[in-house]
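Visitor: The numbering of the sequence shown is the numbering used here, which starts it at 316 and goes up by one. The beta-carbon is built from N, C-alpha and C at its ideal position, and this holds for glycine as well. Here it is: the structure, laid out below.
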Amino acid sequence: MSDPSLKPPASNQPLQPPKQMAPAGSVGGLQLPATAPQKLNSNGPTASGSATGNPRNKCALKPGHSLMNWIRLCNSGADLSGNGGRVVPVSRTELARHNKVDDAWMAIRGRVFNVTRYMDFHPGGVDELMRGVGRDATKLFDEVHAWVNYPQLLGKCYVGPLKENETKPAKDTPQIANVILKPPPPEIVPRFDWIQQRSELTLIFYTRSLANPGLVVRRKDLQQLSIRVLVQHNWHSFDFQLTNSVEWPPKVAKIGSETGKIELVLVKQEAEPWPTYGTHVSNRLDSSRLHEETFEYEVVCCKDFNTDSFELSLQSVGQDVLMVLPVGYHVDIEVPLEGRVIQRSYTPVDQSYLRLENNLSSSSECLHFLIKRYPNGPVSTHLQKLQSRSRVHWSVPRGSFQLSDLTAHRNILLLAAGSGLTPILSLIQPILKRNTNRIESLKLLYFNKTTEDIWLKEKLNELHTHDERFSCTNYLSQSEDNPQRISLELLTPMFQKNHPERCTYVLICGPSGFNTAAVDILSQLDVSVNQIHVFRG
């Protein structure tokens with residue numbers, strides 16, 4: 316299946332790719348992997364770049380490479396940009412180096428994308444896409460794909476802004492290479508242990524300090540539990556047959572953000588010592604096979620939060636699943652629309668931030684969301700209309716944030732705009748509670764249009780009252796007195812080299828325009844790409 320909206324128009328004089336010296340054994344100067352479905356044909360009778368000379372023709376895609384498959388891959392949490400979630404300013408010299416089928420970057424309107432993984436999904440084939448690789452492909456794109464929403468199609472492939480001017484020495488180039496080529500850390504395999512009291516059984520999983528694990532527990536019956544631990548993008552399963560029956564839900568499901576220790580406390584149905592916890596079988600799961608797995612949840616409560624936002628609380632159907640996401644991760648909620656399924660990413664909000672009813676605040680199975688309703692947003696509009704017991708599906712937890720990246724930093728800046736506050740909220744307590752290299756300052760700059768748009772103003776002020784290391788400053792773009800947006804002037808004082816509270820790490824979440832503007836400003840302030848993380852839905 317392919318999207319007819321991606322069908323390119325005819326072009327009499329398509330832009331030609333830069334000439335390259337062809338090494339021995341290559342075709343058209345480009346090395347193709349053995350699995351590539353098309354061969355380059357630069358010596359054919361036409362100069363169109365397509366096998367038939369007609370740029371409107373599409374190529375037959377391999378099974379499993381439809382537009383829907385691409386969307387699922389984008390939503391899987393796979394690192395399609397190749398830079399671990401970091402935004403990397405790219406010079407034209409650096410862009411030109413990535414000009415091969417198995418290492419392909421291109422720039423469109425000042426934004427650089429890693430299209431390597433998209434090659435086999437491109438309806439026009441490898442040949443056509445390769446015409447823009449290693450260069451600024453804006454002109455070529457406008458000739459054949461001007462109407463395509465490329466920021467949405469290639470959003471997860473975004474590397475960073477294209478640097479137009481290289482007035483400074485290319486001192487950042489080695490840093491960029493280090494970010495992209497940094498070898499993966501040693502794999503963490505969770506280690507299991509258990510302890511008991513007369514009335515309780517505690518299952519323990521040790522990962523690693525600041526490993527930022529996630530947890531999914533599924534009840535099969537009162538003696539059988541299926542437990543999955545997510546760590547370093549890998550899933551590990553533990554299937555338990557317990558000695559005797561336990562109550563559901565668990566009394567406690569806790570993840571130590573600093574220690575990486577997971578504790579699941581279960582109440583025994585009969586208060587007596589057990590000779591052993593039972594038995595279990597553990598496996599490392601094929602994460603690629605979990606990309607399309609969904610969980611079915613039902614609405615427990617849906618109510619207005621303010622004029623254009625609402626709270627949504629959900630629990631698993633049958634109340635047999637408990638999920639704890641890693642810090643900074645999200646789930647993709649699915650909504651049916653006109654015979655198809657669309658997804659949007661949402662980060663759960665801790666219950667302490669919301670005005671929950673007593674029965675909800677004490678339920679460990681519920682996940683709570685704070686969602687902004689957009690007038691033309693099909694997902695948010697659909698979700699707000701859901702009644703109690705209505706059902707939705709969502710994905711396994713997804714994300715790329717690494718809590719360990721913050722270890723060396725004691726002065727951290729948080730930049731949030733609108734509903735981009737939700738992943739930022741998940742970071743605040745883990746950072747403030749850190750004992751190793753204790754945090755000195757945690758500054759949140761929160762950008763909205765009007766006062767009415769500000770989320771959780773009182774709660775964030777309370778946080779400052781309880782811990783003065785945290786502060787929140789609100790900026791309003793439509794304020795009558797002093798309208799302000801994110802700017803170089805606003806951020807410069809926080810990065811003065813001799814300032815005792817100079818920020819050394821920045822976390823960003825907001826609309827794509829806000830994120831891009833923030834990264835561009837930080838680049839002007841010589842903030843390294845290793846000191847920035849942008850949350851992307």
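Roughly how many whole angstroms lie between the Cα atoms of residue 466 and residue 590?
Guide: Each residue's alpha carbon lies about 58 Å from the other.
Visitor: Quick one: Cα of residue 501 to Cα of residue 523, how far?
Guide: Roughly 11 Å between the two C-alpha positions.
Visitor: Restricting to Cα atoms, I'd like to know which of 505, 747, 788 is closest to residue 762.
Guide: Per the Cα distances, 788.
Visitor: Based on the DSSP output, what are the partners of residue 519 in its beta bridges?
Guide: Residue 519 is bridged to 508, 578.
Visitor: Whole angstroms is fine: what's the gap from residue 821's alpha carbon to residue 511's?
Guide: Approximately 42 Å, taken between the alpha carbons.
Visitor: Suppose only complete runs of 3+ residues qualify. What are the beta strand (DSSP E) ranges in the stretch 575-623, listed by chain order?
Guide: Segments of the beta strand (DSSP E) lying fully in the stretch 575-623: 576-582, 593-599, 609-621.
Visitor: Out of curiosity, what's the CA-to-CA distance linking residue 844 and residue 449?
Guide: Residue 844 and residue 449: Cα-Cα distance of roughly 21 Å.
Visitor: Among residues of its own chain, excluding the 5 on either side of residue 593, which ones have a beta-carbon nearer than 7 Å to its beta-carbon?
Guide: Hits under 7 Å: 555, 556, 557, 558.
Visitor: For the candidate residues 777, 694, 681, whose alpha-carbon lies nearest to that of residue 636?
Guide: Residue 636 has its Cα closest to that of 681, out of 777, 694, 681.
Visitor: What are the partner residues of residue 848, as DSSP defines its beta bridges?
Guide: Paired residue(s): 822.
Visitor: Which residues mark the beginning and the end of the beta strand (DSSP E) in which residue 284 is found?
Guide: Residue 284 lies beyond the residue range present for the chain, which begins at 316 and ends at 852; the question has no answer from this structure.
Visitor: Report the three-state DSSP secondary structure of residue 557 (helix, strand or coil).
Guide: Strand at residue 557.
Visitor: Give the DSSP bridge partners of residue 873, in chain order.
Guide: Residue 873 lies beyond the stretch modelled for the chain, which goes from 316 to 852, so this question has no answer here.
Visitor: Would DSSP call residue 745 helix, strand or coil?
Guide: Here residue 745 sits in helix by DSSP.
Visitor: At which residue ranges does the stretch 372-432 contain complete beta strand (DSSP E) runs of 3 or more residues, listed in the order of the chain?
Guide: DSSP runs (the beta strand (DSSP E)) wholly in the stretch 372-432: 418-423, 426-429.
Visitor: Taking one C-beta from the stretch 658-665 and one from the stretch 409-419 each time, how about it: are there three or more such pairs within less than 8 Å?
Guide: No: the two stretches stay apart, fewer than three of their Cβ pairs being nearer than 8 Å.
Visitor: Ignore the nearest five residues each way along the sequence and tell me which others in residue 518's own chain have a CB closer than 6 Å to its CB.
Guide: Cβ within range, chain order: 509, 579.
Visitor: Tell me the rounded alpha-carbon separation between residue 826 and residue 552.
Guide: So the alpha carbons of these two residues sit roughly 35 Å apart.
Visitor: Using the DSSP secondary-structure output, state which residues sit across from residue 787 in a beta bridge.
Guide: DSSP lists 759 as partners of residue 787.
Visitor: From which residue to which residue does the alpha helix (DSSP H) around residue 465 run?
Guide: That run of the alpha helix (DSSP H) goes 465-468.
Visitor: Can the beta-carbon of residue 584 be found less than 8 Å from the beta-carbon of residue 561?
Guide: Yes; because the gap between Cβ atoms is below 8 Å, this pair is in contact.
Visitor: Given this structure, state the Cα-to-Cα distance separating residue 339 from residue 815, to the nearest angstrom.
Guide: Here the model assigns residue 339 a pLDDT of 36, short of 50, so the residue's position is not dependable and the matter cannot be decided.
Visitor: Which stretch, first to last residue, makes up the beta strand (DSSP E) that contains residue 727?
Guide: 726-732 is the extent of the beta strand (DSSP E) around residue 727.
Visitor: Helix, strand or coil, according to DSSP, for residue 496 in the structure here?
Guide: Since pLDDT at residue 496 reaches only 45, below the 50 mark, its modelled position is unreliable, and the value read off the structure follows with that caveat. Of the three classes helix, strand and coil, the one that applies to residue 496 here is helix, per DSSP.
Visitor: Roughly how many angstroms lie between the CA atoms of residue 704 and residue 401, to the nearest whole one?
Guide: Cα-Cα distance, rounded: 39 Å.
Visitor: Does DSSP put residue 853 in a helix, a strand or coil?
Guide: In the structure as shown, the chain begins at 316 and stops at 852. Residue 853 is therefore absent and cannot be evaluated.
Visitor: Please identify the residue among 738, 576, 767 whose C-alpha is closest to the C-alpha of residue 759.
Guide: Minimum Cα distance to residue 759 is reached at 738.
Visitor: Is the beta carbon of residue 428 sitting closer than 8 Å to the one on residue 472?
Guide: Yes, these two residues count as a Cβ contact at 8 Å.
Visitor: When DSSP labels each residue in this structure, what does residue 697 get in the three-state scheme?
Guide: Residue state, collapsed to three classes: helix.
Visitor: Counting C-beta neighbours from all protein chains within 10 Å, is the total for residue 656 16 or more, i.e. buried, or is it exposed?
Guide: Burial call: exposed.
Visitor: Taking all protein chains shown into account, decide if residue 441 is buried (16 or more other Cβ within 10 angstroms of its Cβ) or exposed.
Guide: By the 10 Å Cβ count, residue 441 comes out buried.
Visitor: Apart from the five residues on each side of it in sequence, which residues of its chain come closer than 6 Å, Cβ to Cβ, to residue 775?
Guide: These residues qualify, in order along the chain: 787.
Visitor: Go through its chain and collect everything with a Cβ distance to residue 581's Cβ below 6 Å, but skip five positions before and after it.
Guide: The answer, listed in chain order, is 516, 561, 565.
Visitor: Tell whether a beta-carbon distance below 8 Å holds between residue 647 and residue 390.
Guide: Going by C-beta atoms, residue 647 is nearer than 8 Å to residue 390.
Visitor: Measuring CB to CB, does residue 701 end up less than 8 Å from residue 632?
Guide: No, the pair does not count as a contact, with Cβ atoms beyond the cut-off.
Visitor: I believe residue 627 touches residue 716 by the beta-carbon criterion, under 8 Å. Please report the beta-carbon distance rounded to the nearest angstrom.
Guide: Actually they are not in contact, since the Cβ atoms of residue 627 and residue 716 sit about 23 Å apart, beyond 8 Å.
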